[in-house]
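Here the protein sequences line up with chains L and C, keeping their order.
Counting from 1, one number per residue, gives the positions in the first sequence under this note's numbering.
Counting from 557, one number per residue, gives the positions in the second sequence under this note's numbering.
Glycine included, every Cβ here is placed at the ideal spot set by N, Cα and C.
Everything below concerns the one structure shown next.
Protein chains: 2
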Amino acid sequence: MSEKYTIGLDYGTDSVRSLIVNVETGVEVASAVFNYPRWKDGKYCDAPKNRFRQHPKDYLEGLEFTIIEALKQAPSGVAENVVGISVDTTGSTPVAVDEKGTPLSLTSGFEENPNAMFVLWKDHTALKEAEEINELARKWDVDFTKFEGGIYSSEWFWAKLLHIIREDAGVFRAAYSWVEHCDWIPALLTGNTNPKTLKRSRCAAGHKAMWHEAFGGLPSEEFLTALDPMLAGLRERLYKETFTCDVAAGTLSDEWAKKLGLPKNVVVGVGAFDAHLGAVGAEIEPYYLSKVMGTSTCDMLIAPMDEVGDKLVNGICGQVDGSIVPGMLGLEAGQSAFGDIYAWFKQVLEWPLKNILAETELVDPETREKLMEETSNKIIARLSQVAAKVPLEESGIVALDWMNGRRTPDANQNLKGAIAGLNLGSDTPRIFRALVEATAFGSKAINDRFMDEGVRIDGVIALGGVAKKSPFVMQVVADVLNMPIKVARSEQACALGSAMAAAVVAGVYESTADAQKKMGSGIETEYRPIPENVEKYKILYEKYKKFGKFIEFDYE
Amino acid sequence: MSEKYTIGLDYGTDSVRSLIVNVETGVEVASAVFNYPRWKDGKYCDAPKNRFRQHPKDYLEGLEFTIIEALKQAPSGVAENVVGISVDTTGSTPVAVDEKGTPLSLTSGFEENPNAMFVLWKDHTALKEAEEINELARKWDVDFTKFEGGIYSSEWFWAKLLHIIREDAGVFRAAYSWVEHCDWIPALLTGNTNPKTLKRSRCAAGHKAMWHEAFGGLPSEEFLTALDPMLAGLRERLYKETFTCDVAAGTLSDEWAKKLGLPKNVVVGVGAFDAHLGAVGAEIEPYYLSKVMGTSTCDMLIAPMDEVGDKLVNGICGQVDGSIVPGMLGLEAGQSAFGDIYAWFKQVLEWPLKNILAETELVDPETREKLMEETSNKIIARLSQVAAKVPLEESGIVALDWMNGRRTPDANQNLKGAIAGLNLGSDTPRIFRALVEATAFGSKAINDRFMDEGVRIDGVIALGGVAKKSPFVMQVVADVLNMPIKVARSEQACALGSAMAAAVVAGVYESTADAQKKMGSGIETEYRPIPENVEKYKILYEKYKKFGKFIEFDYE
Chain L
1 MSEKYTIGLD
11 YGTDSVRSLI
21 VNVETGVEVA
31 SAVFNYPRWK
41 DGKYCDAPKN
51 RFRQHPKDYL
61 EGLEFTIIEA
71 LKQAPSGVAE
81 NVVGISVDTT
91 GSTPVAVDEK
101 GTPLSLTSGF
111 EENPNAMFVL
121 WKDHTALKEA
131 EEINELARKW
141 DVDFTKFEGG
151 IYSSEWFWAK
161 LLHIIREDAG
171 VFRAAYSWVE
181 HCDWIPALLT
191 GNTNPKTLKR
201 SRCAAGHKAM
211 WHEAFGGLPS
221 EEFLTALDPM
231 LAGLRERLYK
241 ETFTCDVAAG
251 TLSDEWAKKL
261 GLPKNVVVGV
271 GAFDAHLGAV
281 GAEIEPYYLS
291 KVMGTSTCDM
301 LIAPMDEVGD
311 KLVNGICGQV
321 DGSIVPGMLG
331 LEAGQSAFGD
341 IYAWFKQVLE
351 WPLKNILAET
361 ELVDPETREK
371 LMEETSNKII
381 ARLSQVAAKV
391 PLEESGIVAL
401 DWMNGRRTPD
411 ANQNLKGAIA
421 GLNLGSDTPR
431 IFRALVEATA
441 FGSKAINDRF
451 MDEGVRIDGV
461 IALGGVAKKS
471 PFVMQVVADV
481 LNMPIKVARS
491 EQACALGSAM
501 AAAVVAGVYE
511 STADAQKKMG
521 SGIETEYRPI
531 PENVEKYKIL
541 YEKYKKFGKF
551 IEFDYE
Chain C
557 MSEKYTIGLD
567 YGTDSVRSLI
577 VNVETGVEVA
587 SAVFNYPRWK
597 DGKYCDAPKN
607 RFRQHPKDYL
617 EGLEFTIIEA
627 LKQAPSGVAE
637 NVVGISVDTT
647 GSTPVAVDEK
657 GTPLSLTSGF
667 EENPNAMFVL
677 WKDHTALKEA
687 EEINELARKW
697 DVDFTKFEGG
707 IYSSEWFWAK
717 LLHIIREDAG
727 VFRAAYSWVE
737 HCDWIPALLT
747 GNTNPKTLKR
757 SRCAAGHKAM
767 WHEAFGGLPS
777 EEFLTALDPM
787 LAGLRERLYK
797 ETFTCDVAAG
807 TLSDEWAKKL
817 GLPKNVVVGV
827 GAFDAHLGAV
837 GAEIEPYYLS
847 KVMGTSTCDM
857 LIAPMDEVGD
867 KLVNGICGQV
877 DGSIVPGMLG
887 LEAGQSAFGD
897 IYAWFKQVLE
907 WPLKNILAET
917 ELVDPETREK
927 LMEETSNKII
937 ARLSQVAAKV
947 PLEESGIVAL
957 DWMNGRRTPD
967 ANQNLKGAIA
977 GLNLGSDTPR
987 IFRALVEATA
997 FGSKAINDRF
1007 MDEGVRIDGV
1017 IALGGVAKKS
1027 PFVMQVVADV
1037 LNMPIKVARS
1047 EQACALGSAM
1057 AAAVVAGVYE
1067 STADAQKKMG
1077 SGIETEYRPI
1087 PENVEKYKIL
1097 YEKYKKFGKF
1107 IEFDYE
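Okay, structure coming up:
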């Protein structure tokens, strides 16, 4: 058996998946999924306060389970022919670690302390601290936020650290250093978790921590201590360099090779973000916007360095050399809520089910549960069916998609959603349709910004749950963007992208583009704009912008 | 048996009620209700197009049934001691009649033609025609709309006539004249339906048709024919005078006395609007705003003629000499939707029940129906309970109550509702609370207008379904208005007000105030503003106004 395989390991918000891929044919030979058990139970989180933490044990148990399980399912002979493993995770998702690089929550005394766990990307407890960083950055002689579109986010590294200083100084003092989730897993697998020497990722440890070559690395000691004197000295215990995902973090340690049943010479790649390797898996190419469309969106575009050069795109999340595809400039934007807005509306509609039907005595408790579940599960699909038939000019409802703030263009997490144009005939499908249109308008605002700033967009490649499951939403987005949208075939684009990255790291391919050509699974379907709708949406989009400007500048 | 009784007959939107009251003690000795059968079946209406018509047979059958039924239930001896009957109805609700005053839909060839039926107050088919009237009025040398706050409504007489001309000229040509519902019933009972001599009401036939003493009656022939040449000559076949409800229309005709089992000398009063006699029944007094709070609101204030004089209150629906209490100036405002906004939200929430649960096969069809009904019926009450506990500062959602346009201040039926300040934590009770607050803010905008225009408000007297059934809503309104609200005790204030009017017409009392003193049922409860909430609502109300100004001037 001469075929070679790589493993892509994809840590999402709720679960981790491993995928074993034939590097020559791209055939996905086996995969396994593991739902984080503590997370599923809502442990260490406080949703109304937007506190979301994950225990390292959820990650560790998932690492072992998914790889061993996938290897079990794979044909015999696959395990010994695995040549590389790469990892993607959510982020910025940092954790406080001790001198050995062990997360504090795996050490004595901190086992149940949420502040000693991974601070998940979507944790918004650091809103205030992000504002502090932005205020200081605007006054500082060097603008450390300039590669973040000028606005540092509460979802990122330094804001989260600052918040832990303010909320739980004990944890902060006990920490020797801090590590991102996507850097900790490769460090673990290669047996080098030393915070000063483990290989850090270009986007997670780089961009999200305001690291840039132009600054000679992380923001200066002066800047950091001006933020908080307690940060003094930490910079030295962090890192000077960051790496793209075509670089090896090392090879599998004896311990992990044995544990997983893999050869010792398996190369482990430097980690990356799930969205970025998702874009790779969905075969991102220059000037095609890759949209990961799920609860929120992550919109990514790559361009040759020399074509964009030093030009900064105003108001987007970031532009990072090699963050998505090594050797290319990665430009990144996104919407703070996308599918989450539909889920919110569903929750609003579920209230009578969960609060009134839930108490009925007309049927037995078991039937009651089933009725609630059956009704609830069908809401979005049925609403989509009916909403798709609402004639476009009829509704007149216009909504703003800022129910979770606005990520781009021009990040502002204090913004809120709104709905205008309601009358007594505004029924549930019409409101749903307006919400779908709002998310599409939010996408258009991002496209417009790229183009206004001189970065062309040749097309859109979509992936993620919404792209795969919601033809109604996708058609609206295509109509609003006035741009065809290709939906990637792979059901697990992130894990596939990781497997591609692993193939490059293991030396099977010279470049990401080569790996994509051989291992890619292509396009499943394409949504083309309907010219009649395009014209109507142009008018509605003007209303969206006008309404948005009012809410943004005059109202809040 | 020396006691005397009067009958109040109250024609609402869905049903007619008769109430027999002891004029000395105010004791309500019997009552009966009749739901319009054709209306209940949705006949002659087209709700999505806002076409609402009622067949005269619905009124006729209700007239006979409710009076005969109430008399049956009354102690023996009551019938022969009835001294007066007065009638209130919705309006403006005009109908095309022949030379004898018979509604065309009771004549051959027009039986099933909705344009030959009563055009119900809330019929909005004449939006365009109302605009035509307003345009012409603004150009005319005499401003015939000046007692309507400068804006003529699509819900009123001339707009509805014009619409019938445009839509069904055959009906218009076949009509000799037109009569309001509240004038037709007394005409019928007294046996004088001659359109030229039947006694017309001050507000329905007066104010709603731009009749005013200052103009010498109805708008000039020139104005009317400029609106449409087909109106030529109609003015002469209408009326020159209008009357307040303390004037007798006549006495019961032989035919009706016999049919109903009442003495022939029973005096029948000139008709009036339901809201106006409702305010009388709820014991309206000078400078107390009487709010009829139901699907919409009708807000009424009376003031001595000499204290307000010729001053016009800008942007309210109307000010009419004697429309509410004879001898007093009646000032009238209102909100186009109040309880209807809660009903709309309920409908939005019901969608999963009516479209998904309705198809479940987990339970039998009968249980399914019961489950839907049980759940549906509890929505508003349960939401109110939960919403009442939401801390005031927490929500931050601000809504506009214009889902059915805006009646006052400054009528604009093209305006629409809106909701701002939504985030992913905006749950159903919080949205409901914001909608309730929006209706309260709409009330405050009316109060403010009265006061800004120099008409003081000493307090609020509330009646109607919302006032009686929704303590949560009433407390919010009291907090927002920063004014105590007394809720009238009577469960049938309109019918009681009619019975009071009948007692004045029959000569039992000299004035409405005297009848109120003897026959009134007083105050049931009083809502007092909570100082802490008052302060918080002041801030939210500023947001409401700012949001409203944007939607009104910039957005639509």
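Presumed contact (8 Å Cβ cut-off) between residue i and residue j, rounded CB distance
i                 : j                 : result
ALA501 of chain L : ALA279 of chain L : 11 Å between Cβ atoms; not a contact.
THR408 of chain L : CYS317 of chain L : 6 Å
PHE674 of chain C : ARG609 of chain C : 6 Å
GLY417 of chain L : ILE397 of chain L : The pair is not a contact, with the Cβ atoms about 13 Å apart (cut-off 8 Å).
ASP855 of chain C : GLY890 of chain C : 5 Å
ALA96 of chain L  : ILE164 of chain L : 7 Å
Which residues DSSP lists as bridging residue i, in chain order
i                 : result
LYS291 of chain L : L:ASP299 and L:ALA462
ALA635 of chain C : ALA635 of chain C pairs with nothing; no bridge assigned.
GLY890 of chain C : C:CYS854
THR645 of chain C : C:PHE829
GLN875 of chain C : C:LEU887
LYS545 of chain L : For LYS545 of chain L, which the question treats as bridged, DSSP gives no partner whatsoever.
ASN22 of chain L  : L:TYR5
TYR11 of chain L  : L:VAL16
Residues of its chain near residue i, where Cβ-Cβ distance is below 8 Å and the 5 sequence neighbours each way are ignored
i               : result
MET1 of chain L : With a pLDDT of 48 at MET1 of chain L, under the threshold of 50, the predicted position of this residue should be treated as unreliable, and no value is reported.
When the options are compared against residue i, the one with the closest alpha-carbon
i                  : options                                    : result
ALA1023 of chain C : C:SER709, C:GLU1082 and C:ALA1069          : C:GLU1082
TYR36 of chain L   : L:THR102, L:THR66, L:ALA420 and L:VAL27    : L:THR66
LEU392 of chain L  : L:PHE553, L:THR145, L:GLU112 and L:PHE432  : L:PHE432
LEU106 of chain L  : L:TRP184, L:HIS55 and L:PRO75              : L:HIS55
PRO650 of chain C  : C:VAL727, C:ALA760 and C:GLN903            : C:ALA760
ASN911 of chain C  : L:LEU349, L:LYS354, L:GLU359 and L:ALA358  : L:LEU349
ALA503 of chain L  : L:ALA493, L:VAL386, L:GLU491 and L:LYS518  : L:LYS518
ARG573 of chain C  : C:ALA1071, C:GLU1047 and C:THR1068         : C:GLU1047
ASN423 of chain L  : C:GLY1078, C:GLU668, C:SER892 and C:LYS752 : C:SER892
PHE338 of chain L  : L:TRP351, L:MET403 and L:PRO304            : L:MET403
Residue i vs residue j beta-carbon contact at 8 Å
i                  : j                 : result
ILE133 of chain L  : LEU227 of chain L : yes
LEU808 of chain C  : LEU745 of chain C : yes
THR89 of chain L   : ASP274 of chain L : yes
LEU543 of chain C  : LEU575 of chain C : Because chain C spans 557 through 1112 in this model, residue 543 of chain C falls outside it and cannot be assessed.
SER709 of chain C  : ALA967 of chain C : yes
SER1054 of chain C : LEU619 of chain C : no
VAL822 of chain C  : ALA805 of chain C : no
LEU794 of chain C  : SER733 of chain C : yes
GLY464 of chain L  : VAL292 of chain L : yes
LEU277 of chain L  : ILE302 of chain L : no
PRO529 of chain L  : PRO471 of chain L : no
GLY1010 of chain C : GLY871 of chain C : no
Close Cβ partners of residue i (< 7 Å) along its chain, the five nearest in sequence each way excluded
i                  : result
GLU535 of chain L  : none
GLY1104 of chain C : LEU956
GLU1098 of chain C : none
GLU841 of chain C  : none
LYS820 of chain C  : THR807, LEU808, ASP810 and ALA813
Same chain, Cβ closer than 6 Å to residue i, neighbours up to 5 away in sequence not counted
i                  : result
TYR1093 of chain C : ASP1035 and VAL1036
HIS124 of chain L  : ASN50 and SER154
HIS768 of chain C  : PHE703
GLY442 of chain L  : GLN335 and ASP401
TYR544 of chain L  : VAL398 and PHE441
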